[in-house]
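Below: one structure, written as structure tokens.
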Amino acid sequence: MTTLNTAVPDVTITENGLSVPDVADILSGRLTDMTTALGGGASQSLSSPQGQIAQSDTEIIAQEYDKLLCLFNQVNPDYATGRFQDGIGRIYFMDRISAQGTVVTATCIGQAGTTIPAGSSAIDTNGYIYQSIDLAVIPSGGSVDVQFVNTTTGPLACASGALNQIYRAVPGWDAITNANPGVVGVDVESRIAFETRRQQSVARNSRNQDASVLSALLATSGVLDAYVWSNRTTATVNKGTTNYPVLAHSIFISVYGGTDADVAQAIFSTYNPGANLNGTTHYTVYDNVNYLPPYPSYDMQWLKASPTRVYFKIQIDASLNPPSDITTQVKNMVISVFNGEYDGIGKSRIGSTINAGKYYAPIISINPDTVGVLLLQVSLNGTSFTPSVTMGIDQVPTIQASDITVTLV
């Protein structure tokens, strides 16, 4: 058998992983090979014919080494992407969450007793069609709040008052409007989001813990946010900035998005069955896995979080001559950070603190030489501005461009 020799350094596999030689070492090896093949003494100039061949060979070898490195990294969950990451997820019985549409809480007005079926549709001022998530009945007051989801997935904004037209008539349903902006949808789950959820999969596969319920809810189709907290004391606790009363020995669950059936099933499969529940939404779940008919029934209970507008007041240093469209760019950046679309900063969520300090660097990154932030404050009422605000455990934060004030000073 013929032994093939080359001066090109080989890859090495150790306990530390895969190591590949530098491109310069590969090129030096190929030039040595060419010189040897030509009998020695040949020019190693890169402009010579043998030099050109050596450069071409080096590029081919370097590309293959890079692909080998990439393949090895795909085995590591910290670096895996695409189908490789999906494969790792399957070990944990996980699937990537598909894109989801913006969810809007709209007020439906009409005749008392009118049933608005799930899937009833309305259209916003941008032409996007929204469908109601669950069945609703208009009470004696003549109006009812209903969650609608955009049939077009992705982070599409729906400003307050934008969902204002019934698309397909339902007898007795007369009008629709939304007082608060929608909670924007998401694109297909990103690599970072998927890996974060995988790390939490131990909690997701467990039972009877707050983390178990939260993880299951966030993995539920259509759910954009959730909050879970257990009161293990013997008395009612007024929890959070809104002092929401959480019953003794109970679990509080706040959810935004998702059908009642899916949310109830996620709760039923993970919560502590001995704990009381809180909230105004009820859905009956039947255990058809462990029993034969008649199946035992369980009343699942939770709260649908109320959309709450968040206002920003920002002052930009005019002396630095910022771009002419700086107002629009700043608003877009704030919305991006708020919705979790800026790398390294999580989105604003139910019960979370929205800190103005997190927005300085992203805004300055628009153009560090010409953009300076003199003041950045937030508010929940548009009047009293502070460096930070904290959402209640019953509030899901919303943002729209008109609630962001940008001034040049």
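Residues in the sequence shown are numbered consecutively from 1, following the UniProt record's numbering.
Just so you know, even glycine gets a beta-carbon here, dropped at the ideal spot from N, CA and C.
Under the three-state reduction of DSSP, Val371 is assigned to coil, being neither helix nor strand. When DSSP states are grouped into helix, strand and coil, Gly110 belongs to the strand group. Look at Asn150 here: in three-state DSSP terms it is strand. Residue state for Asp66 is assigned as helix, using DSSP reduced to three classes.
Taking 7 Å as the cut-off, the Cβ atoms of Ser306 and Gln395 count as close. Here Leu214 is buried: its Cβ has 16 or more other Cβ atoms, across all protein chains shown, within 10 Å. Under the Cβ criterion (8 Å, minimum of three pairs), the stretch 269–284 does not count as touching the stretch 234–243.
Beta-bridge partners of Ile253 (DSSP): Val228. Counting other Cβ atoms within 10 Å of its Cβ, Pro49 stays below 16 and is therefore classed as exposed. In this structure, Gln400 lies near Ala159, with their beta-carbon atoms less than 7 Å apart. Exclusion of the five residues before and after Phe268 leaves Val285, Tyr298, Met300 as the residues of its chain whose Cβ lies within less than 7 Å of its Cβ. Non-local C-beta neighbours of Ala112 in its own chain, meaning closer than 8 Å and more than five positions away in sequence, comprise Ile138, Pro139, Ser140, Gly141, Gly142, ordered along the chain. In this structure, the beta-carbon distance from Gly127 to Thr153 does not fall below 7 Å. Around the beta carbon of Val334, a 10 Å sphere encloses 16 or more other beta carbons of the protein chains shown; the residue is thus reported as buried. For a cut-off of 8 Å, the C-beta gap from Val378 to Ala356 is around 5 Å, short enough to register as a contact. Boundaries of the beta strand (DSSP E) around Gly17: 17–19. Following the DSSP letters along the chain, one finds Ser121 in no alpha helix (DSSP H) but inside the beta strand (DSSP E) bounded by residues 121–124. Short of 7 Å from the beta carbon of Tyr65, and not among the five residues preceding or following it, lie these beta carbons of its own chain, in chain order: Val11, Val20. Here the C-alpha atom of His282 lies approximately 13 Å from the C-alpha atom of Val255. Only residues of its own chain outside the window of five on either side were considered, and among them Thr102, Pro181, Gly182, Val184, Ile335, Gln400, Ala401 have a CB closer than 8 Å to the CB of Ala157, listed in chain order.
Taking C-beta atoms as the reference points, Gln165 and Ile123 count as a pair closer than 7 Å. The criterion of a C-beta distance shorter than 7 Å is satisfied by Val330 and Val406. A straight-line Cα-Cα distance of about 8 Å links Phe312 and Phe385. As the crow flies, the alpha-carbon of Arg349 is around 20 Å from that of Asp260. Here Glu195 is not near Arg96, since their CB atoms are 7 Å or more apart.
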